[in-house]
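Trainee: The opening position of the sequence shown corresponds to residue 20 in my numbering, with each subsequent residue numbered one higher. Below you will find the structure I want to go over with you.
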Amino acid sequence: MGDRAATLDAAIKSLAASPGVQLVSHSTWQLTIAVGGDGRQPEFLNGAALLETSWSVAELHELLQQIETQHGRQRHERWGNRTLDLDLLLYGDSIVDIPTLTVPHPRMSFRRFALEPAVEIAGSMVHPTIGWTLDALLEHLDSGADCVAIVSRKASARAVLADSLANHFGLVHGSASVDDSQLWPAASTTWLVVPDGLESTGCPKLSVLLDLALASEMGRGPLVRIAPSSRDDIQREAFAAITAVWPHLGSPAGERLQ
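Encoded structure:
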């Protein structure tokens, strides 16, 4: 909300002026559709910054929240309009999973609006839980297989989500290739295909994990882990992920920017 470019410029200056923090570079600002909201939100302005710091990951996260507050950030609803949102995408090769912070950012691996500016300034950085560079993750959004793997040992959970995604986005049920079947257990995976999408035997552009115990190895490509919750919450999280990967599917907002 407000003068978006001016707010982002001011946030960068605040970061650069913070003791113990050195601004290495920042990307250009990019106009993108809003993901995860009610579909009526205006476009967002996004960018990325590369920092060197002597601060701990918790201290840096607290600094980001302080700068958000200084610029009028209020947290009324998830994915709602906001003046400023500063996410900590990566902190070197650190892996952090505590109630207040998850690093790497749990949804950055398939979000073009996060990857494009990040690649502009730090494409060689490695996503520590996937094992791919940011360059490779962004390339995968362009050349990977246009399909979704829904992974859970509960067939009923997979069926409910698969039907919701098929009905809303026009996805169709498919089957795994030989290579795909090595990514996820065949008995625990339902495959959905984007009509007229890119065919490939490599990793799907997105894997949706409803069974968190099945996600321990690297090399399976971009994924979103959705913890057990209500059906509506699972659907909303999955819908937002699909829209981030394929903004043209079922998204009137996506048509505005084309």
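Note that CB positions come from ideal geometry on N, CA and C, so glycine has one too.
Helix, strand or coil: which one does DSSP assign to Leu268?
Mentor: coil
Trainee: With a CB to CB cut of under 7 angstroms and the five nearest residues on each side skipped, what residues in its chain are close to Glu71?
Mentor: Only Gln41, Val43 meet the Cβ criterion.
Trainee: What is the DSSP secondary structure of Glu71, reduced to helix, strand or coil?
Mentor: strand
Trainee: Residue ranges of each beta strand (DSSP E) run of no fewer than 3 residues wholly in the segment 98-140, ordered along the chain?
Mentor: DSSP runs (the beta strand (DSSP E)) wholly in the segment 98-140: 115-117, 120-122.
Trainee: To which residues of the same chain is Ile140 closer than 8 angstroms at the C-beta, ignoring the five residues directly before and after it?
Mentor: Val43, Ser44, His45, Ser46, Ala67, Ala68, Leu69
Trainee: Would you report the Cα separation of Arg250 and Ala36, rounded to the nearest angstrom?
Mentor: 44 angstroms
Trainee: How close, in whole Å, do the beta carbons of Asp165 and Val212 come, if the pair is a contact with beta carbons under 8 angstroms?
Mentor: 7 angstroms
Trainee: Spell out a yes or no on whether the segment 119-133 and the segment 167-187 are touching, meaning 3 or more CB-CB pairs, one atom from each, closer than 8 angstroms.
Mentor: no
Trainee: Grouping DSSP H, G and I as helix and E and B as strand, with all else coil, what is Ala246?
Mentor: coil
Trainee: Can the beta-carbon of Val76 be found less than 8 angstroms from the beta-carbon of Ser113?
Mentor: Yes, the pair counts as a contact, with Cβ atoms nearer than the cut-off.
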